[in-house]
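Residue numbers (this note's numbering): 2 to 567. From the three backbone atoms N, C-alpha and C, an ideal C-beta is built for every residue, glycine too.
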RNA sequence: GCGGGUGUAGCUCAGUGGUAGAGCGUCACGUUGCCAACGUGAAAGUCGAGGGUUCAAGUCCCUUCACCCGCUCCA
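In structure tokens, the structure reads:
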């Protein structure tokens, strides 16, 4: 087993470039932050990974295993658009949830939502009358010159008042003491505090600090963390989603989003799939493709890219069965990643803690890999989430479509023996994998240094995902060997050329040709030598051990077939 | 977003303000008898980009971009 913590990421990245696995996007123009391209070997590696997912999730789900209810697992594919009606993202929560302007406190490095900034506005009126002060204040509160004496981050004014009262340390920072909440002047009015502010008795109303004030006067607004002005930035949009415009006019009305996940395309087409393809719950719908997220900090090679590819399955089932299905998929997905070469202790299945869960989820697990740049920690390859009926319910609400499923296998048994049927909103288990992260994990896991070998760098890919499946070499480029090698190569190419590259090379020393194949991760090399010409055998040289066997030349295909299926 | 580091050939990296370099790799030819062998030769560079100082900038200054590391943020 290879230990990821000892693998230098720089060496892996260097090999990725040198051998054509990964290139920086737009490299000759200086690159572009958060985007990476795949070279020939990387593109084939990722395709093999995607194909493996498709085969084991869609074509022959779970290798033909039965699910918790004893029935064969059934899945169908869709391929949905990157650009959807913008309402899809309102329904899914992606628009509302991630478009909030954020403010940074440059001094404490804290970041908070601009609409959570509550201001304490000191009241002043000749007679100390709060009602008069409030009336006066309400006329001015939206004016840019009207700066609060102190600020608090909270979901609303009442919460802010409660936080301030409860937190003595915060009071000290902000210059507040002896604070009490006075009865509100009128129902729904801003909370009124009686307090001492910087030694002077005063009263204060808590109002949200308006976006306009924050925009224009952020330098004067005191920080909610230090009480000092000058460290807050203006509110800034942190857009998770990329957007563009449909049509040539490009007005705000034409704004559309590039999807941040492929899953929503599945939910949106759920009804069509049910209506047109005779699927019956429980069943899954798979979708692969590019997604886009405007990550704040793209980092760690291809791990957090702004454009990335997902392979997502939404598995729909009856609510009563959903937890069993959740466990089933969680365990299968872990096993699947192990089956393609992430078999060691660098791979873990991690069940989320209760406080990590989304409000609608009753269970989520991550398949995580210990990348060199996360070690000793782990990075997520795939999340398996129990999403309940959240998504279908959201889309039913927003679109008005009826997305409930009528299950004719459930309900009371009728006198004629048939079931009465049951109408319900299916629950959904979502195994959502990142293909680029998967490919990166395969690369990191495969990368091996063996200083005892003349060519120390070896990519030990599982044969199923290896971009180069086999190579055929004449030991020397004469004496009829090249001709035999060409024939064997042509034969293997015809049989295996759909699954990956099949190479041949007659140039330079045999050791150099083996070494090149080791570095590219080709699992087997077949070499034609002098004996081949007399006894029709070739040597099979194994990448991982460097050892070689002799087998009959007409058994090479069968040998390779077995090896690739193993 | 903040702080630190790096950027010179495909890769790894030297390079004192004064001619753009090495090793490896790649390619060609020769040789070859199982592990980056050897010989000869060749191609390959916007020195990350832009500006400035200077007689002269890979080298000094400013700006910017990308990558790496640490925070921060984010599902």
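Residues in the same chain with beta-carbon distance under 8 Å from residue 298, minus the five sequence neighbours each way, listed in chain order, please.
Cβ neighbours of residue 298 beyond the five flanking positions: 305.
Looking at the unbroken beta strand (DSSP E) that takes in residue 407, where does it start and where does it end?
Annotation for residue 407: the continuous beta strand (DSSP E) segment containing it runs 406 to 408.
At which residues does the beta strand (DSSP E) containing residue 38 begin and terminate?
For residue 38, the enclosing beta strand (DSSP E) begins and ends at 37 to 39.
Beta strand (DSSP E) segments (min. 3 residues) lying fully within the segment 53 to 106:
The segment 53 to 106 contains these whole beta strand (DSSP E) runs: 76 to 78, 102 to 106.
When 524, 537, 151, 131 are compared against residue 342, the one with the closest alpha-carbon:
Considering only alpha carbons, the answer is 524.
Could you spell out the range, first to last residue, of the beta strand (DSSP E) harbouring residue 424?
Looking at the DSSP string, the run of the beta strand (DSSP E) that includes residue 424 is 423 to 425.
In its own chain, which residues sit with a C-beta less than 8 Å from the C-beta of residue 420, not counting the 5 before and 5 after it?
Closer than 8 Å at Cβ, skipping near neighbours: 409, 410, 411, 412, 413, 414.
Presumed contact (8 Å Cβ cut-off) between residue 261 and residue 237, rounded CB distance
With a beta-carbon spacing of about 19 Å, residue 261 and residue 237 fall beyond the 8 Å limit used to define contacts.
So, is residue 29 buried or exposed, given that buried needs 16 or more other C-beta atoms within 10 angstroms?
It is exposed - the Cβ of residue 29 has fewer than 16 other Cβ atoms within 10 Å.
Chain-order list of residues whose beta-carbon lies under 7 Å from that of residue 20 (same chain, five-residue window excluded)
Closer than 7 Å at the Cβ level, and outside the excluded window around residue 20, lie 42, 520, 521.
Should the segment 505 to 515 be regarded as contacting the segment 468 to 482, the criterion being three or more beta carbon pairs within less than 8 Å?
Output reads yes: the segment 468 to 482 touches the segment 505 to 515.
May I have the straight-line CA-CA distance separating residue 80 from residue 499, to the nearest angstrom?
Rounded to the nearest angstrom, the two C-alpha atoms are 22 Å apart.
What residues match up with residue 367 in a beta bridge as DSSP calls it?
Answer is 351, 384, bridged to residue 367.
Under a three-way DSSP split, which group does residue 30 fall into?
Secondary structure at residue 30: helix, using DSSP grouped into helix, strand and coil.
Cutting at 7 Å between CB atoms, please list the residues of its own chain near residue 552, excluding the five before and the five after it.
In the same chain as residue 552, and ignoring 5 residues on each side of it, the C-beta atoms closer than 7 Å to its own belong to 538, 539, 541, 560, in chain order.
Which of helix, strand or coil does DSSP assign to residue 361?
Residue 361 carries a coil assignment under DSSP once its states are collapsed to helix, strand and coil.
If we ignore side chains and look at the alpha-carbon of each, how far apart do residue 1 and residue 275 end up?
Residue coverage of the chain in this structure runs from 2 to 567, which leaves residue 1 outside it and unanswerable.
Apart from the five residues on each side of it in sequence, which residues of its chain come closer than 6 Å, Cβ to Cβ, to residue 364?
Cβ neighbours of residue 364 within its own chain (closer than 6 Å, five residues either side excluded): 327, 387.
Whose C-beta lies closer than 6 Å to the C-beta of residue 464 among residues of the same chain, with five residues either side of it excluded?
Around residue 464: 524, 564, 565.
CB-CB length for residue 466 against residue 50, believed under 8 Å:
With a Cβ gap of about 6 Å, residue 466 and residue 50 count as contacting.
Check residue 482 in the structure and name its three-state DSSP category.
In the structure shown, residue 482 sits in a helix (DSSP, three-state: H, G or I).
Report the residue from 533, 528, 562, 371 whose alpha carbon sits nearest the alpha carbon of residue 548.
Between residue 548 and the set 533, 528, 562, 371, the nearest pair of CA atoms involves 528.
What is the rounded straight-line gap between the Cα of residue 460 and the Cα of residue 509?
Using only the alpha carbons, I get a separation of about 21 Å.
Taking the runs of the alpha helix (DSSP H) that are 4 residues or longer, which of them lie wholly in the segment 159 to 243?
Taken in chain order, the unbroken stretches of alpha helix (DSSP H) that lie wholly in the segment 159 to 243 and span 4 residues or more are 169 to 175, 212 to 218.
Does the pairing of the segment 327 to 340 with the segment 422 to 437 give three or more beta-carbon distances under 8 Å?
Yes, the segment 327 to 340 is in contact with the segment 422 to 437.
How big is the Cα-Cα spacing for residue 554 and residue 511?
In a straight line, the C-alpha of residue 554 is about 19 Å away from that of residue 511.
According to DSSP, what are the bridge partners of residue 286?
For residue 286, which the question treats as bridged, DSSP gives the partners 77, 315.
State the start and end residues of the unbroken alpha helix (DSSP H) segment that holds residue 265.
264 to 269 is the span of the alpha helix (DSSP H), which, as asked, contains residue 265.
From what residue to what residue does the alpha helix (DSSP H) around residue 557 run?
Counting along the chain, the unbroken alpha helix (DSSP H) around residue 557 starts and ends at 557 to 566.
DSSP three-state call for residue 2: helix, strand or coil?
With a pLDDT of 35 at residue 2, under the threshold of 50, the predicted position of this residue should be treated as unreliable, though the coordinate-derived value follows. In the structure shown, the three-state DSSP call for residue 2 is coil.
Own chain residues within Cβ distance below 7 Å of residue 476, not counting five before or after
If you ignore the 5 residues before and after residue 476, its C-beta comes within less than 7 Å of the C-beta of 482, 511, 528, 529, 530, all in its own chain and listed in chain order.
Quick one: residues in its chain with C-beta nearer than 7 Å to the C-beta of residue 234, no 5 flanking neighbours on either side, listed in chain order?
Excluding its 5 nearest sequence neighbours in each direction, residue 234 has C-beta neighbours in its own chain below 7 Å: 104, 105, 107, 219, listed in chain order.
Compute the Euclidean distance between the alpha carbons of residue 118 and residue 241, then round it to the nearest angstrom.
So the two alpha carbons sit approximately 21 Å from each other.
Which residue marks the beginning of the alpha helix (DSSP H) containing residue 531, and which one marks its end?
Residue 531 -> alpha helix (DSSP H) spans 531 to 536.
For residue 13, count the other beta carbons within 10 Å of its own beta carbon; 16 or more makes it buried, fewer makes it exposed. Which is it?
By the neighbour-count rule (16 or more Cβ atoms within 10 Å), residue 13 is buried.
Given residue 266, which residues of its chain have a CB within under 6 Å of its CB, disregarding the five upstream and five downstream residues?
Answer for residue 266: 81, 288, listed in chain order.
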